[in-house]
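> Residue 100 is where the sequence shown starts when you use the numbering used here, and the numbers rise one by one after that.
Idealized CB from N, CA, C, for every residue including glycine.
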Amino acid sequence: MLLEGKVVIVTGAGNGIGAEIAKRAAAAGARVVVNDVGVSASGEGGDPTVAGRVVEAIAADGGTAVASTRSVADWDQAHGIVQDALDAFGRIDVLINNAGILRDVMFHRMSREDFDAVDDVNLRGVFYVSRAAAPHFKSQGSGCYVHMTSSSGLIGNFAQVNYGSTKLGVAALSKCIALDMQKFGVTSNAIAPFAWTRMVASIPDTPENRHRIAVNKRLKPELIPPFVVALASDAGRRTSGQVFGVRGNEIILFSQPRPLRCAQSKEGWTAEAIVESVLPAFEGSYYALERSSDVFSWDPV
């Protein structure tokens, strides 16, 4: 019962990874706020019963949970999600920022709406709910953020300029929260989950994608929550500001950007000198234009 007595908010908890995290947190002793507006994977529509069904499943297993159907993409509603936890359970100990949407479009065809809709949920929404929780974490001298990033942002992917940029932003947001909140006993980490969900199921079923889809279908959402629970527990207090991946039975610690090469000139640089000397010297250290599936070239365990 690693989360005994803790109050946990899980956003986007009506389906997939979020639902599995909510259930596992409750099984670990937490009282859980199951937040979901019930939209499609692309952020359209809405079904307020989605969160309630997860609450019912938790209750059937002897756990304690309440539903919250507010949107993370609105500042006031995001604060209302935290208030739902306070009204139901009197405190908040852990915030799992899992809510996200997906609108895959090649960059040269991507509309402003395609970008803004994803940004509103995946990055602004993470900031809004995190900011709402911050004063409560500060006043009690403890708290834990776990944010879902993606290898699409950490590494890159086709047709995901909107999704990838927000998810890389989430990793940076997590690191800066960790720096700002460490003096209050608050941790913040990011996880890139690899799992077959309705969002990943949007991969086109083409001959070149057949193997990729078959591999992804082996990555079950229920393999993600144990690591989330570990970070959220008191035993996870020494871990903050990190970026992880969970891929099947593999747990990955990602690198973070650091200097690779440096060119110096006491006289300063001209454009001509840079072209002649600096860029050729750096070329051997350039990163290739790879996707996540290129970097993770081995089948998951």
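So residue 247 is in the beta strand (DSSP E); what residue range does that whole segment cover?
Run containing residue 247: 242-247, per the beta strand (DSSP E) assignment.
> Are the Cβ atoms of residue 343 and residue 288 separated by less than 8 Å?
For residue 343 and residue 288, yes; Cβs fall inside 8 Å.
> Whole-angstrom Cβ separation of residue 112 and residue 118, contact assumed at under 8 Å?
Yes, they are in contact, since the Cβ atoms of residue 112 and residue 118 sit about 6 Å apart, within 8 Å.
> Note down, one range per segment and in chain order, each alpha helix (DSSP H) of at least 4 residues found wholly within the segment 137-187.
Listed in chain order, they are 148-159.
> Could you give the distance in angstroms between the alpha-carbon of residue 358 and the alpha-carbon of residue 395?
About 23 Å.
> Going by C-alpha distance, which of 218, 107, 114 and 142 is nearest residue 165?
Among 218, 107, 114 and 142, the Cα nearest to that of residue 165 is on 107.
> Please list the segments of the alpha helix (DSSP H) lying wholly inside the segment 321-355, counting only runs of 4 or more residues, in order along the chain.
The qualifying runs are 324-331.
> Just the C-alpha distance for residue 228 and residue 181, rounded to the nearest angstrom, thanks.
Those two C-alpha atoms are separated by around 7 Å.
> I need the straight-line Cα distance from residue 254 to residue 356, nearest angstrom please.
Cα-Cα distance, rounded: 12 Å.
> Can you check which of these residues, 306, 280, 200 and 393, is closest to residue 230 by C-alpha distance?
When only C-alpha atoms are compared, the closest one is 280.
> Tell me which same chain residues have a C-beta within less than 7 Å of the C-beta of residue 199, skipping the five on either side of it?
Closer than 7 Å at the Cβ level, and outside the excluded window around residue 199, lie 111, 220, 221 and 247.
> Assign residue 201 to buried or exposed, taking buried as 16 or more other Cβ atoms, counted over all protein chains shown, within 10 Å of its Cβ.
When all chains shown are included, residue 201 counts as buried.
> Looking at the structure shown, is residue 399 part of a helix, part of a strand, or coil, going by DSSP?
Three-state DSSP puts residue 399 in coil, outside helix and strand.
> What are the partner residues of residue 408, as DSSP defines its beta bridges?
An answer regarding residue 408 cannot be provided, because it is not within the stretch 100 to 400 covered by the chain.
> Give me the DSSP bridge partner(s) of residue 108.
Its beta-bridge partners are 132 and 194.
> CB-CB under 6 Å to residue 235, same chain, minus the five flanking residues each way: which ones, in chain order?
Here the set comprises 191.
> Return yes when the Cβ of residue 209 is within less than 8 Å of the Cβ of residue 261, no when it is not.
The answer is yes: Cβ separation under 8 Å.
> My output table needs one value for residue 286: the three-state DSSP class, helix, strand or coil.
DSSP places residue 286 in strand when its eight states are reduced to three.
> So, at 8 Å on beta carbons, what are the nonlocal neighbours of residue 240 in its own chain, with the 5 sequence-adjacent residues on each side left out?
Around residue 240: 283 and 284.
> Helix, strand or coil for residue 265? Go by DSSP, reduced to three states.
Reduced to three states, the DSSP call for residue 265 is helix.
> From the DSSP output, in three-state form, read off residue 236 for me.
Helix.
> In its own chain, which residues sit with a C-beta less than 7 Å from the C-beta of residue 103, not counting the 5 before and 5 after it?
Around residue 103: 128.
> Report buried or exposed for residue 216, applying the criterion of at least 16 other Cβ atoms within 10 angstroms of its Cβ.
Per the 10 Å Cβ criterion, buried.
> What would DSSP say about residue 212, mapped onto helix, strand or coil?
Note: residue 212 maps to helix in three-state DSSP.
> Give me, in chain order, the residues of the same chain whose beta-carbon lies closer than 7 Å to that of residue 170; leave out the 5 immediate sequence neighbours on both sides.
Excluding positions up to five away in sequence, the list reads 136 and 176.
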